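Shown next, in structure tokens, is the structure this report addresses.
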Amino acid sequence: MSVPPMIDITLVNKFYGNFQVLTDCTTKVRKGEVVVVCGPSGSGKSTLIKCVNALEPFQSGRIIVDGVDLSDPKVDLNRLRARVGMVFQHFELFPHLRITENLCLAQEKVLGRSHEEAMAKTLSLLERVGLKDHAEKRPGQLSGGQQQRVAIARALAMDPVAMLFDEPTSALDPEMIKEVLDVMIELAQDGMTMMVVTHEMGFARKVADRVIFMDKGEIVEDVPKDDFFGKPHSDRAQAFLSKILTH
Amino acid sequence: MFANFDFDVIRRSLSYLLIDGMGFTLLLTGLATLLAGILGTILAVIRLSPVPVLPRLIIGYVEFVRSLPLVLLIFWFYFLVPYIGQWLTGAERPIAVGAFSSALITFTLVEAVYFSEIMRAGIQSISRGQLAAARAVGLGYMQSMRYVVLPQAFRNMVPLLLTQTIVLFQDTSLVYVVSITDFLGAAGKVAQRDGRLVEMYLFAAVVYFIMCFAASMLVRHLQRRNEFAR
Amino acid sequence: MNYHWNWQIFWELSPEGTGTYLDMLLSGLWWTILTSLAAWAVGLVVGSVVGIARTLPIRPLQWLAGAYVELFRNIPLLVQLFLWYFVLPELLPHGLGLWMKQMPNAAFYSAVAGVGFFTSSRVAEQVRAGIGALPRGQSMAGKALGLTVAQTYRYVLLPMAYRIILPPLTSEFLNTIKNTSVALTIGLLELTARARAMQEFSFQVFESFTAATIMYMVINMVVVIAMRTLERRVSLTGR
């Protein structure tokens, strides 16, 4: 394989004071691959994908995204973040801006697109996530599921090379989870490179190529999807799976 | 009980009191609010930013201003500003600063501290996820502040900022101590000239009360509307 | 800067003939402390009464207390001091007014009243907020036990409310200390007035204001430390 991976994480360690949140994390995500990251709360899975977007600093190891080394001091982190989309657990839409303004802001201020260009992109993406009718509303007027779909569109507006999802459905009421997952599944089938922190095992079964299981800051398993659901190697992963699958 | 008093003195000096006096007070309040609001916001942003040294300097200045009486601060700046002007311009003697400029500089520098404390609370009231989301789409720190955090912080803090402006409006009366003729100063001058202290000071009190009470009612109304909007 | 510094000035005799300039500032400090404490006592007592009145289920009383707060909050302190010092004696019957004007330390009493009542309106707001912050179940629980309204306030609501508002009360007390300096306009010889006088006599502007600044900062520090100790002693958690 001569093609370098889209996301290359090597021996990453991260501490909060004396507390180690990530220990020697190593994994690679190829272009077009969908990787689901799961594990109990506090296992460091959210922290890991925030490191990929340079939203969290780490003390040692290296992360290379699309050929750009994050620890290189010459790298413009804002440019890099613009190329990696991020979807948050609590949506984090900007409540004082209309939906269209939420999508246009970074297109204009970071990518330097003209307003017309940004608006055209915005409307086509809103159509894609099925929210064109709500374009001029403010985030507070939408349901949680709708807000999360807008958040996905906001990330896509930057034409990202990869998308990171941090528990995108865990703040949603059950009846809204499906509409968000449907958008994500479509995205995966279109060939987007994705790292998804989630407990939605149905989603993992359907579109994931690989599953990473983390516990206590370590990557315990990093295996093809079928292996993970068929016969997890570690006791910790088995215990975790039995817990979330019986509910 | 008011038999010996001559309230006609108010009517006779009304244009002096309201145009010269209150005009000065309102202009000073308005300009100082604007300048102190801008300076205070800048101070708050720097104080919360990850740059070295500057936040500590700002904290020192904030503590200095907050632990001193306004009257002493007015004296401080009244005597200090000419020297700072001399230092800035490299002139040979301390710069003569007019009464209005002196008062404006003083209130701007002092009120900036109080506005910065309000804006700091406002910025901190915005969840950290908002900043993370702004950074995640590639906005720089200053861009994130300008387009995402500050507009929300400012909106949340409008009632407090307005209340502080009412306090500032009342506080400008203290320029009396350096003999500047604001509204109260004008009332004082007429009071001395005509020997009508009771009438003039009562009138001043009534005018201040009506203006401040009306303004605080307005703020309360705004606050209630804000709560519904959320 | 062509300013002539002279830090020895504090040990030179002031033209008032009552000692050195330092003595002059220290006497100012003394009056600042005395006035602050007296005004704080007025503010705390009156403010508590008014604040409690605003929470009682008696409409006219609520309204009256509310009007009191608005009145004292919406007139600048300087104007209020003028009302106490210049205006009040003229409005009283002639004999009484004359007695007030000739009273020794009239400026001190006016300052205590002026700063005290001004402070009381702010204390009242804090007390009301403190009582309002308590869960409604507290006063119901008091009633359910058969306590009278007065007993409920005395034994149930106020002990908790004052604990809650101790930090804002600390900053109100600090404000009270700072506010006493406004009384230099009616001739109270407190710290800022004395620093100003020293500056006028000696022309050493920055030395005299620096000294006053340091004294105010020390008072601040003492109050903050004292109140923090008090907060810890009355705190119900972490013992």
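Residue numbers (our numbering), protein chains in the order written: chain A, 2 to 248; chain B, 9 to 238; chain C, 1269 to 1507. Virtual Cβ for every residue (Gly too), placed ideally from N, Cα, C. Bear in mind that the values here come from a model prediction, so they are computed numbers and not experimental data.
- Contact annotation: the segment 1389–1399 of chain C does not touch the segment 1450–1458 of chain C, with fewer than three C-beta pairs closer than 8 Å.
- Residue-level contact by beta carbon holds for Tyr216/B and chain C, with a gap shorter than 8 Å.
- For Val59/B, the number of other beta carbons within 10 angstroms of its own is below 16, and it is reported as exposed.
- Among the residues of the segment 1350–1383 of chain C, those with a Cβ less than 7 Å away from any Cβ of chain B are Phe1350, Leu1351, Phe1354, Val1355, Glu1358, Leu1359, in the order of the chain.
- Rounded to whole angstroms, the separation of the alpha carbons of Ser1282/C and Leu1345/C is 31 Å.
- Judged by beta-carbon spacing, Ala44/B lies within the 8 Å limit of Phe123/B, meaning their Cβ atoms are closer than that value.
- Scanning its chain for C-beta atoms nearer than 8 Å, with the 5 sequence neighbours on each side dropped, one finds around Gln1394/C the residues Gly1315, Gly1319, Ile1433, Pro1436, Leu1437, Glu1440, in chain order.
- Here Met1495/C has Thr1438 as same chain residues with Cβ atoms under 6 Å from its own Cβ, once five neighbours each way along the sequence are excluded.
- For Met1489/C, the uninterrupted alpha helix (DSSP H) segment begins and ends at 1473–1502.
- With distances taken between CA atoms, Leu132/A lies nearest to Thr101/A out of Thr101/A, Leu112/A, Leu173/A.
- When the alpha-carbon of Val1380/C is set against those of Met1485/C, Val1450/C, Arg1501/C, Leu1359/C, the nearest one is in Val1450/C.
- If the five residues before and after Val70/B are omitted, its C-beta is found closer than 6 Å to the C-beta atoms of Val121, all from its own chain and listed in chain order.
- Excluding its 5 nearest sequence neighbours in each direction, Met193/A has C-beta neighbours in its own chain below 7 Å: Met164, listed in chain order.
- Considering only beta carbons, the part of the segment 145–177 of chain B lying closer than 8 Å to chain A consists of Val145, Gly146, Leu147, Gly148, Gln151, Tyr155, Val156, Pro159, Gln160, Arg163, in chain order.
- When only Cα atoms are considered, Phe15/B and Leu1360/C end up about 18 Å apart.
- With respect to the 8 Å criterion, Thr41/B and Leu176/B are classified as neighbours on the basis of their beta carbons.
- Within chain B, the residues placing a beta-carbon under 7 Å from that of Met159/A are Val145, Gly146, ordered along the chain.
- Using a Cβ-Cβ cut-off of 8 Å, Thr1288/C does not count as an interface residue toward chain B, since no Cβ of chain B sits closer than that to its own.
- Contact annotation: Gly141/A and Val181/A have beta-carbon atoms that are not nearer than 8 Å.
- For Arg99/A, the closest Cβ of chain B is not nearer than 8 Å.
- In its chain, beyond the 5 residues on either side, Gln90, Thr199, His200 have a beta carbon closer than 8 Å to the beta carbon of Ser171/A.
- Boundaries of the beta strand (DSSP E) harbouring Phe166/A: 163–167, taken from the DSSP string.
- Within chain A, the residues Phe89, His91, Glu93 have their CB atoms less than 7 Å from the CB of Gly137/B, given in chain order.
- One thing to note: Leu1329/C has its Cβ no nearer than 8 Å to the Cβ of Ala1335/C.
- In the displayed model, Ser61/A falls within a strand according to three-state DSSP.
- Among the bridge pairs identified by DSSP, Tyr1289/C is matched with none.
- At a cut-off of 8 Å, the C-beta of Ala213/B has a neighbouring C-beta in chain C.
- Gln21/A sits in a strand when the DSSP states are folded into three classes.
- Closest option to Asp167/A, judged by alpha-carbon separation, among Phe229/A, Ala121/A, Gly45/A: Gly45/A.
- Identification of chain C residues near Phe87/B by a Cβ-Cβ cut-off of 9 Å yields Gln1467, Val1473, Phe1474, Phe1477, ordered along the chain.
- Annotation: Ala195/B to Leu1349/C spans about 15 Å, alpha carbon to alpha carbon.
- Remark: fewer than three beta-carbon pairs, one from each stretch, lie closer than 8 Å, so the segment 153–161 of chain B and the segment 91–111 of chain B are not flagged as touching.
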